[in-house]
Structures are given as structure tokens and as C-alpha cells.
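Chains as they are written, first to last, in my numbering: chain A, 1057 to 1254; chain B, 1057 to 1254. Heads up, the beta-carbon is just placed ideally off N, CA and C, and yes, glycines get one too.
There are 2 protein chains.
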Amino acid sequence: MSLSPLIQQLISALRCLPGVGPKSAQRMAFHLLERERDAALLLSDILRTAVTDLGRCEHCSTLSETALCPLCADQSRNQKLLCVVETPMDVLAIEQTGGFNGLYYVLGGHLSPLDGVGPDDLGIDKLVQRLLQEQVDELILATNPTVEGEATAHYIAEQLQDLAIKVSRIAHGVPVGGELEYVDGGTLAHALAGRRAI
Amino acid sequence: MSLSPLIQQLISALRCLPGVGPKSAQRMAFHLLERERDAALLLSDILRTAVTDLGRCEHCSTLSETALCPLCADQSRNQKLLCVVETPMDVLAIEQTGGFNGLYYVLGGHLSPLDGVGPDDLGIDKLVQRLLQEQVDELILATNPTVEGEATAHYIAEQLQDLAIKVSRIAHGVPVGGELEYVDGGTLAHALAGRRAI
Chain A
1057 MSLSPLIQQL ISALRCLPGV GPKSAQRMAF HLLERERDAA LLLSDILRTA VTDLGRCEHC
1117 STLSETALCP LCADQSRNQK LLCVVETPMD VLAIEQTGGF NGLYYVLGGH LSPLDGVGPD
1177 DLGIDKLVQR LLQEQVDELI LATNPTVEGE ATAHYIAEQL QDLAIKVSRI AHGVPVGGEL
1237 EYVDGGTLAH ALAGRRAI
Chain B
1057 MSLSPLIQQL ISALRCLPGV GPKSAQRMAF HLLERERDAA LLLSDILRTA VTDLGRCEHC
1117 STLSETALCP LCADQSRNQK LLCVVETPMD VLAIEQTGGF NGLYYVLGGH LSPLDGVGPD
1177 DLGIDKLVQR LLQEQVDELI LATNPTVEGE ATAHYIAEQL QDLAIKVSRI AHGVPVGGEL
1237 EYVDGGTLAH ALAGRRAI
């Protein structure tokens, strides 16, 4: 083979990045080696530090290098509003809307009996404990609008039936800016069923 | 800001990769942290080793961790055929065709007076020295088919006028598998002018 072994190793290591195939990995490897050696060293250092230092926030289970993540530590946020999401990336997505000022609880996935993921793996018991101890007025279930996400949301809602907490689910409907003719039937049916007076 | 500082640093460090914008960098960072921590550590190690250990082959100037790259060290290759390319990635591209069995010489770019890149920066003097010392029958100029690549090829050809070496340029023409109606005028004119008897 014509390539130096080290370049081949770098190309195959870059394949661990999502969406990076053999051609992109090649392009990345040569680009870093030819033009961005300082940036590559920096990336190497930060990758190592991030993987070593980032654990879970002990309050909401999102990724955090401190025991309490910046969101949970922020006293200016509404402590009585709790939003349940599947992943830390969902936290970021909701934060970037700027439309939510409460706290989060990250499940780390969804219920999936076939993969052996049960309520305990998602920390749902810990969530119930938290709701028993803290003064939470409303729990927003913002799991993904997939079959598994819906099942997870329903399961959590069931567990909380006896508590005096308002439990809500994010709205399903047509995406803003979309065109009706391209929206799938299931979504459109949800949008009709969930219509609101204006 | 809602993200832990370390994740933000990782996301911005990933932006050094070509073709990776803010959204892809976010996705990559969370993917590595949530699912591929071992692979991320491996990538960190290999990045550091590659940047530290990879230098230039002293014979052809391609990227190599050894003084002589695997291609130059391979005695089974045709030592009398030399192909001049702009970058190490071009070497890989030609090698992957499987249609060339000679040696390479990597310029590391093209002539570009406006950017202050002259013949010395490309090691063209070193190339001429090599041709004076070694028995080379044919020199193939495989610089890019761009204005700068053409100028570089012509400059090198001029330097070698007095040497008894056959100098050739890779063919310009219509790409294999393309359709004539989508080929640009310049390429089509080249393809017509360079027509060959069948």
C-alpha cells in the first residue's frame, strides 16, 4: 500500500466521527497534516480532556465537567418547571430556542425493551424521587416524537398519576415554515386533532 | 450560556476539520461523548502522533514518518518514470487508479507569485538536481488542470528543455462517464484539439 501507515491510521480513526466516510476522512487527514497542524494538536488535547473530565450532572444527568451543570446551578431559572428530554443534545436544542427558562432532566435514551433498556436505566425512579422532594409545578415531557419517545413519555406520565403535578407533552403538529402538501399523514392528523381556537 | 465550557471548546476545536460547520461540530461532539469515548481517545492519540511524527520524504517530499516514504523505498517500481504532482493527496489519487508504477515528486503547491510562492518554495531546483543525477526517461507533469497548475507545468517543462528527458503532461479532455452536454466549453475544446485516431 502506498500510504504511510500513520496516515492510514489517522484516516481510519477519523471515521469514528458521524457522517464521515472514507473520502471525507482522507480529505480531513491531509487537510490537518498539510495546513492545520496547530489546530490538530489543539483538537487532540481537547478531545482527551473532554473525554476524561466530562461526567454527568448529579441533578439532571446532562453532560457536565462540574458536579452541578451550569443550568442546574443557575438560581435565576424557574425551579418549578422541569423538562424531561432524551439526550444532552436535546437540552441544547431547547436552550437555543430561548423559549424555556426552567430546569431539565436528561433520560439518556428512551424505553426500549428489545435492547434491554428499562425504566431503571433511564433514571425514571430518580426522577420520581426528585419530584417527591422538590416543589415542581409542571413537568414537560419533551421526548422525541417517535414510537419509543411516545412510549417513554406515557410511562413517565403514568408513574406520576398520584402526584399533584401538572404533566404536559410538547405539541405535535405541522412544522413552522413547512408546506402542508409535504407533511406526512400522521403529523397532519395530529395537527388537525390538536387544533386550537384563534 | 447553557453548555459546559469544555463541550463548547470541543465543538469549536472540531471546526478545524474541513467541511464541518457549527451544526456538524455539535453533532460530532455529542456523538463522541455519548457513544464513542474510546474511539475519541484513540483519535486524540493518533492525531498527536501523526502531527508530531509525520515529516517529508527526503526524496519526493510527500508526507512520511520515515526518511524515505514507502513508494520511494519500493525497488520494484519503475525508477525511470517520474510523476510531478502538487500535493500528497494527488499521489494517493493516482495510486488508487492502479495505473502508474513509477515514482513521484510532490511540489507542495503551485506557482503563485501573488501569494509569494516561487520556484524555490516548490523545490523545483531540487527536482532539476534529481533529474541531473538520476536516470529518468520520462517526466509526467500531473499538476492540477487549473491556471496555476498549467503555469507550474509549463515552468517546469521550460527548465528541462536542455535535458534529454521526455516531458509529458496528463491529457485534458471529457471525463469518462460524463455527458457532452454538461462539459464546459474549455474542456470540450481541449478534447477536440487533443483527439486521437482509433
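Could you tell me whether the segment 1065-1075 of chain A touches the segment 1075-1087 of chain B, where touching means 3 or more Cβ pairs closer than 8 Å? Three or more Cβ pairs closer than 8 Å define a contact, and the segment 1065-1075 of chain A meets that threshold against the segment 1075-1087 of chain B.
Using a C-beta cutoff of 9 Å, does E1121(A) count as contacting chain E? Absence of chain E from the displayed structure is noted, the protein chains being A and B.
Length of the line joining the Cα atoms of G1174(B) and E1235(B): Using only the alpha carbons, I get a separation of about 38 Å.
Quick check on this structure: which residue in Y1211(B), A1095(B), T1143(B), L1167(B) has the alpha carbon closest to the alpha carbon of S1068(A)? Checking every option, the nearest Cα to that of S1068(A) belongs to A1095(B).
Mind listing which residues of the segment 1091-1104 of chain B have their C-beta closer than 8 Å to chain A's C-betas, in chain order? From the segment 1091-1104 of chain B, only E1092, R1093, A1095, A1096, L1097, L1098, L1099, S1100, D1101, I1102, L1103, R1104 have a Cβ closer than 8 Å to chain A.
Limits of the unbroken beta strand (DSSP E) element including I1226(B): Per DSSP, I1226(B) lies in no beta strand (DSSP E) segment and is marked neither H nor E.
Once you ignore the five residues that flank H1115(A) on each side, which residues in its own chain have a CB closer than 7 Å to its CB? Here the set comprises L1124, C1128.
I need the straight-line Cα distance from S1120(B) to P1231(A), nearest angstrom please. Near 51 Å, if we compare the C-alpha coordinates of P1231(A) and S1120(B).
When you compare the CB positions of I1150(A) and D1193(A), do they come within less than 9 Å of one another, or not? Here I1150(A) is not near D1193(A), since their CB atoms are 9 Å or more apart.
Taking Cβ-Cβ distances shorter than 8 Å, what residues in chain A pair up with Q1215(B)? Under a criterion of Cβ atoms nearer than 8 Å, no residue of chain A is adjacent to Q1215(B); the nearest Cβ is some 25 Å distant.
Is there at least one Cβ from chain B nearer than 9 Å to A1085(A)'s Cβ? Residue contact with chain B for A1085(A): present (Cβ-Cβ distance below 9 Å to some residue of chain B).
Exposure of D1176(A), with buried meaning 16 or more beta-carbon neighbours within 10 Å: Counting Cβ neighbours within 10 Å, D1176(A) comes out exposed, since fewer than 16 surround it.
Three-state secondary structure assigned by DSSP to G1241(A): Note: G1241(A) maps to helix in three-state DSSP.
Would you call the segment 1099-1117 of chain B in contact with the segment 1139-1155 of chain A, where contact means no fewer than 3 C-beta pairs closer than 8 Å? Taking 8 Å as the limit for Cβ pairs, the verdict is that the segment 1139-1155 of chain A does not touch the segment 1099-1117 of chain B.
With distance defined between alpha-carbon atoms, name the residue in A1245(A), A1198(A), D1218(A) nearest to L1138(A). Per the Cα distances, A1198(A).
Would you grab the beta carbon distance between A1106(B) and L1059(A) for me? Rounded to a whole angstrom, and I think it's under 8 Å. The Cβ separation is near 12 Å, so there is no contact.
Neighbouring residues, chain B, relative to V1107(A) (Cβ below 8 Å): Neighbourhood of V1107(A) in chain B, by CB distance below 8 Å: L1088, L1089, R1093, A1096, L1097, S1100, in chain order.
Short CB-CB distance (under 9 Å) between S1117(B) and chain A: Closer than 9 Å: no.
Length of the line joining the Cα atoms of L1148(A) and P1169(B): Using only the alpha carbons, I get a separation of about 47 Å.
Under the three-state reduction of DSSP, which class applies to R1093(A): helix, strand or coil? Note: R1093(A) maps to helix in three-state DSSP.
Is S1132(B) close to chain A? Criterion is C-beta to C-beta, closer than 9 Å. No, S1132(B) lies away from the interface with chain A (no Cβ there is under 9 Å from its Cβ).
Nonlocal neighbours in the same chain, by C-beta distance under 8 Å from I1180(B), ignoring five residues either side: Only residues of its own chain outside the window of five on either side were considered, and among them L1163, Y1211, I1212, Q1215 have a CB closer than 8 Å to the CB of I1180(B), listed in chain order.
Three-state secondary structure (DSSP) of V1116(B): As written in the sequence, residue 1116(B) is Cys, which differs from the Val given in the question. Of the three classes helix, strand and coil, the one that applies to C1116(B) here is coil, per DSSP.
I need the DSSP call for V1107(A), collapsed to helix, strand or coil. Three-state DSSP puts V1107(A) in a helix.
Using a Cβ-Cβ cut-off of less than 8 Å, list which residues of the segment 1063-1086 of chain A approach chain B; keep chain order. Those would be I1063, Q1065, L1066, A1069, L1070, C1072, L1073, P1074, G1075, S1080, Q1082, R1083, M1084, A1085, F1086, in chain order.
Based on Cα-Cα distance, which residue from A1227(B), T1243(B), E1204(B), F1086(B) lies nearest to G1111(A)? Ranking the options by Cα distance to G1111(A), first place goes to F1086(B).
Taking E1206(B) as the reference, give the member of R1225(B), L1183(B), R1091(B) with the closest Cα. Nearest option by C-alpha distance: R1225(B).
Taking the alpha-carbon of F1259(A) as reference, which of G1172(A), L1167(A), Q1135(A) has the nearest alpha-carbon? The structure shown has nothing for residue 1259(A), since chain A only spans 1057 to 1254.
So is S1168(A) in contact with chain B if we call contact Cβ pairs under 9 Å? It does not: the Cβ of S1168(A) has no partner Cβ on chain B nearer than 9 Å.
Taking the alpha-carbon of E1195(B) as reference, which of R1186(B), T1202(B), P1201(B) has the nearest alpha-carbon? The sequence given here has Leu at residue 1195(B), not Glu. Considering only alpha carbons, the answer is R1186(B).
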